[in-house]
Structures are given as structure tokens and as C-alpha cells.
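Student:
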Amino acid sequence: MRGAIAGRRPTAADLVESVVAEHRAGHLPDGARLPPVRAIEKQLGISKNTVQSAYDELVARGVCVARERDGVFIATSAATPATAPLARASAPALRALPPLKSPNKSASIQLSSVFIDPALLPREKLAECARSVLRTPGLESFYDAQGYAPLRAQIAERLTARAMPTDPSQVIITTGSQQALDIVVRALATRTVAIEDPVYSHARLLFENLGATIAPLRLDPFSGIDMDHWKRTLDARRPSLLYAITRFQNPTGYSYQTHELEALVRHSEDTGMGVLEDDWGSDMLSEGDYRPTLRSLGGDNVLYANSFTKKLLPSLRVGYLVAPEPLVPTLVAMKRLATLGNPWFTEAILSEFLDRGYYDTHLRAVQTSLDARYAHCVDALREHMPEGCRWTLPGGGPTLWLEVPRSVDLGALSARMRARDVNVESTVDHFAREGGEAPHLHGFRVSYAYCDEEKLTRAIAALGQELRA
Ligand SMILES: Cc1ncc(COP(=O)(O)O)c(C=O)c1O
462 MRGAIAGRRP TAADLVESVV AEHRAGHLPD GARLPPVRAI EKQLGISKNT VQSAYDELVA
522 RGVCVARERD GVFIATSAAT PATAPLARAS APALRALPPL KSPNKSASIQ LSSVFIDPAL
582 LPREKLAECA RSVLRTPGLE SFYDAQGYAP LRAQIAERLT ARAMPTDPSQ VIITTGSQQA
642 LDIVVRALAT RTVAIEDPVY SHARLLFENL GATIAPLRLD PFSGIDMDHW KRTLDARRPS
702 LLYAITRFQN PTGYSYQTHE LEALVRHSED TGMGVLEDDW GSDMLSEGDY RPTLRSLGGD
762 NVLYANSFTK KLLPSLRVGY LVAPEPLVPT LVAMKRLATL GNPWFTEAIL SEFLDRGYYD
822 THLRAVQTSL DARYAHCVDA LREHMPEGCR WTLPGGGPTL WLEVPRSVDL GALSARMRAR
882 DVNVESTVDH FAREGGEAPH LHGFRVSYAY CDEEKLTRAI AALGQELRA
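Numbering of the sequence shown is given in the numbering used here, commencing with residue 462 and proceeding in unit increments.
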């Protein structure tokens, strides 16, 4: 067997890799017999067990087949059809969608990211929970479209403790909170949706792609909500749903004042307008959760979405929706039609993570770290930003909004920052721009969740220099 590992005794994994490589290179053709275990044992000076477990693994992977008393052979590949008729079939016509922008990942400092610094993620603890779940019998064959019941109970308990009384039957587990937004708007009988302007861009694009008519509500984080203007717009457009990111709004960092939340609850009670509250930025800074939510102020028309992706692990993709009891069956049906059910395995890992108390320990560590980064970020902005710049002070969530003078060309600034290894995201997609109007804000997000202090200092100092230039 070729490819023996120089300088050390080969392991079973080395043997497997070597056979696979030899087969791919054509040195071990289909049907070729592998040397008997004893021969390899002697040739390489390794134990019989090591060789046997390598052969077992090759059989388990389908690379080899074992024939009793004959030995182990390279499996014969399935025959490939001579023609490929599908290649000639014409593709079905799809709707033309505008291409979705992805963040530029090439720069080493992601100054506008909404994600959490990977260095703060509890990988090992999650791995322990994953191993434990894999050993649990009974997870294999069942799933429930509403989501893993123990996780729904844990979420309900946590929300109840935060002055949002919730029953597990009201919780629907979703693939990130993005799926919560999707199923709610899909389920609407009439799709006119009011959104903040600017707003989380993938919410606006999703609603538009679902055929919703959008009613934008201008949001200026520096002067607050002009409630008279909002009410006039809501009265005129009569949306069936208001989508509101009420705390640490993406992208502005704005948090609604209590009187603004109360006015919206009253409006929704008077008109029957539903509200989907997106609480994406909860739990990130230690002081963040003292601000009220719409859901805590009540109102039978309020649906609430949140997610573990921003504070625990982006790729976990577990979010949730809390809905008034009578709406739950329709929303679950929407989810079932899209996915039948989401992976219970991931939900069970998260449930175990919560159950062991790891999530609370993790949040405390995250909050200590993000509190310090937030303070550092604000200090760095005070030190480096030139006259004419201002920024929001969210006190929670992952990002703030930095407003720069109108004279600054945002595209050119972003290109110059990229040349300095810093990525500043474009914000054009956040604005609804009805009638081609220029956005009323001129700036971008600055992340204190993704960047550590050293990166924040470097990026903000560079930004200050470019803005002065
Ligand atoms: C405000 C807001 N809501 C919801 C989402 C969806 O996130 P996820 O599906 O990861 O929960 C995002 C993602 O960035 C967001 O910014």
C-alpha cells in the first residue's frame, strides 16, 4: 500500500485515506482486492485491529465491499448512463429576482457585521451537547412541525421570566428568525406590510418577493419617531401588518420609547393591524433588556420573533416565533408546507445547552465582553470622528449607526476602507426609497459585537483619517 506516512506508524484513518487516494488516482481499480489484514500488519508493523478497523470503515463508506472468506475488494461503481437527457431539457422559467448582495468577506475587519465575534462562541460546550444528543435514543424518527417540544417549553419559560408571559403552545421554532418573518407574511390574508425606513434589508426584500405592498415609515434615530406622520401613513395605507424592530433597530440602533410602543399597541387594537415585533438584539449587552418590548406591553395582535443565531452561533439557524394561540395552526401549516419540520437534532442540541445552564453562562460572558467593546467603540468614535459625524448609542444589540456628512461619497469611502482591510457595508438596500427619493440618512452600521477592541481602534482610526481626507 503506497502513501505510508513518513516518520510515524500509520493509523486506521491514514489507511482509509491512502486507499481512497489510490482508488481515485486509478492505482486501485474497481474490483481490486486489498491485501489481507495479516500482510498489511507485517508490511507496516501495525496491529491487526488497526488494519481491520480501517477496512471496516472503507466498507461502511461504500468504497469497498467485504466478501466472506474472499477478502475486501474495491467496490464496483454504479454504471453511468450513456446519455444525459436532462442536459438537453429546457430550464423552467423562473422569476427574475434582483441579485442579493452578500457581505464582502475578504477584509479582515468586518466593521458593519451583525454577527458575533467567532472568538466568543462556546464551541466545545456545543460539541459536548451535540455528542450527548447523538447518544440519546428516540430522536431519529419523529419531528413535529411546530418544533422540539422541550425547547419550546424552555423558550416560553425564559420569555415569561422576562415579563412576556408565554405558553409553550404559542411558540413555533423556525430556521432563524428569518423563517418567522417568512411564514407570518405568507399567512397574511392581505399583504400590505408597514416597515421602518430604513430597515433590515432582507426583511424588506423578503416581503417584496412575497408580493407584499410595502408602506414605509420614516425612522430617524436622532429625532425619534414622528408618531403623527406614522399614524397618517398607517391610516392611509391600512397595512395588515407592521413589522417593527423595536429595540436596537437594524440598521439604526434605535429603540422605541415606551410612549411610542403604547401608541402602536393602541393603533393596532383600534384598527386590527397585526404587529410582528423582531427582538433580534436582545441579550447582547447587560443593560439592554431593561427596555420594554411591544409584547410585554400586551396586545393580542402582537407576534414576537427572536433567534439564537446572533448571540450563540450564526450557523445554528434556530429562531422562534411567538403568536397568539388562534394563529398558531395556520402559521405551523405554513412552516410545514415549506419544510415539513426543521432539524430536531439541532433543536435538541440547543435544548441541552439551555438545560445544562450553558446558555446563561455564555450570555454573561458575552455581555461582559460586549459591554467593554461597546464602551471602547464609543470612546474611539469620540476620539477619531471629525466634525459633522454623529452616531446612535443603542446600549444593546450588535451595532450602532454612524452618520457622516452628506459631502462624503459612501461608495468611495467604502472602497478606500477596503484598501485598508476594513469592510464597511453599503446601506442602500436598507432604504425603501419610494419615488426614487434620496435616503434621509447618510451612513452605515458599526459593529461592536464582531470586532474586538484592537480591531475597533484600528478600523475607527482609519475611518477618521479617510473621512478627513
Ligand atoms: C433585524 C433582523 N431580524 C432578523 C434577522 C434574521 O436573522 P436569523 O435568521 O439569523 O435569526 C436578521 C439578520 O441579520 C436581522 O438583522
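Think of the CB as a built atom: it goes at the ideal place given N, C-alpha and C, for glycine as much as any other residue.
If the criterion is Cβ atoms closer than 7 Å, does the pair THR707 and LEU755 meet it?
Tutor: yes
Student: Can you pull every residue whose C-beta falls closer than 6 Å to some heavy atom of ligand 1, listed in chain order?
Tutor: VAL575, GLY637, SER638, GLN639, TYR661, ILE706, ASN711, ASP739, TRP741, SER768, THR770, GLY780
Student: If we count the other Cβ atoms within 10 Å of its Cβ and call it buried at 16 or more, is LYS509 buried or exposed?
Tutor: By the neighbour-count rule (16 or more Cβ atoms within 10 Å), LYS509 is not buried but exposed.
Student: Between ARG851 and PHE683, which are expected to be in contact by the criterion C-beta below 8 Å, what is the C-beta distance as a whole number of angstroms?
Tutor: Going by Cβ atoms, the distance from ARG851 to PHE683 rounds to 7 Å, so yes, they are a contact pair.
Student: For the beta strand (DSSP E) containing CYS525, name the first residue and the last one.
Tutor: 525 to 528
Student: Measure the CB-CB distance between LEU777 and LEU831 and report whether it falls below 7 Å.
Tutor: no
Student: Using a Cβ cut-off of 7 Å (strictly closer), state whether VAL883 contacts chain C.
Tutor: No chain C appears in the structure shown, which is made up of a single protein chain.
Student: By Cβ distance, which residues of its chain are closer than 6 Å to ARG881, with the 5 residues on each side in sequence left out?
Tutor: ALA923
Student: Cutting at 6 Å between CB atoms, please list the residues of its own chain near HIS845, excluding the five before and the five after it.
Tutor: ILE921, ALA922, GLY925
Student: Which ranges would you report for the alpha helix (DSSP H) in the region 757 to 840 if only whole runs of at least 4 residues count?
Tutor: Under the rule that a run must span 4 or more residues, the alpha helix (DSSP H) segments found entirely inside the region 757 to 840 read 789 to 800, 805 to 816.
Student: Taking 8 Å as the threshold, find out whether the region 638 to 655 comes into contact with the region 892 to 899 through three or more Cβ pairs.
Tutor: no
Student: Going by the C-beta, is ARG469 closer than 6 Å to any heavy atom of ligand 2?
Tutor: With respect to ligand 2, the structure shown offers nothing to examine, as its ligands consist of ligand 1.
Student: By the three-class DSSP mapping on this structure, what secondary structure does PRO712 have?
Tutor: coil
Student: For the alpha helix (DSSP H) containing VAL480, name the first residue and the last one.
Tutor: 473 to 485
Student: On the DSSP letters alone, give me the boundaries of the beta strand (DSSP E) that GLY857 sits inside.
Tutor: No beta strand (DSSP E) holds GLY857; DSSP gives it neither H nor E.
Student: In terms of DSSP beta bridges, what is SER908 paired with?
Tutor: THR860
Student: Give me, in chain order, the residues of the same chain whose beta-carbon lies closer than 7 Å to that of TYR604; leave out the 5 immediate sequence neighbours on both sides.
Tutor: GLY802, TRP805, listed in sequence order.
Student: Which residues in the same chain have their Cβ closer than 8 Å to the Cβ of ARG596, if we skip the five residues on either side of it in sequence?
Tutor: none
Student: Go ahead and pull the three-state DSSP assignment for ILE675.
Tutor: strand
Student: Hey, out of HIS488, ALA809, ALA474, GLY733, whose CA is closest to THR511's CA?
Tutor: ALA474
Student: So the candidates are LEU774, LEU874, TRP862, ILE644; which of them puts its Cα closest to the Cα of GLN607?
Tutor: ILE644
Student: Keeping to the same chain, check which residues put their C-beta closer than 6 Å to that of GLU518; ignore five residues upstream and five downstream.
Tutor: VAL477
Student: Under three-state DSSP, which class holds ALA515?
Tutor: helix
Student: Use the C-beta contact count for GLY685: other C-beta atoms within 10 angstroms, 16 or more gives buried, fewer gives exposed.
Tutor: exposed
Student: Would you call the region 623 to 639 in contact with the region 764 to 775, where contact means no fewer than 3 C-beta pairs closer than 8 Å?
Tutor: At 8 Å Cβ cutoff, the stretches touch.
Student: Taking DSSP's pairing of strands, which residues face ARG499 in a bridge?
Tutor: DSSP, once it has assigned bridges, lists no residue as partnering ARG499.
Student: With the cut-off set at 7 Å, would you say TYR909 and ARG834 are in Cβ contact?
Tutor: yes
Student: Starting from the C-beta of CYS525, find all residues in its chain whose C-beta is less than 8 Å away, skip the five residues before and the five after it, and write them out in chain order.
Tutor: VAL480, LEU495, TYR516, LEU519, VAL533, PHE534, ILE535, ALA536
Student: Here's the rule: buried if 16 or more other CB atoms are within 10 angstroms of the residue's CB, otherwise exposed. What is ALA784?
Tutor: buried
Student: Under the assumption that GLY857 contacts GLY780 (Cβ atoms under 8 Å), give the Cβ distance between them as a whole number of angstroms.
Tutor: About 18 Å separates the two Cβ atoms, so there is no contact after all.
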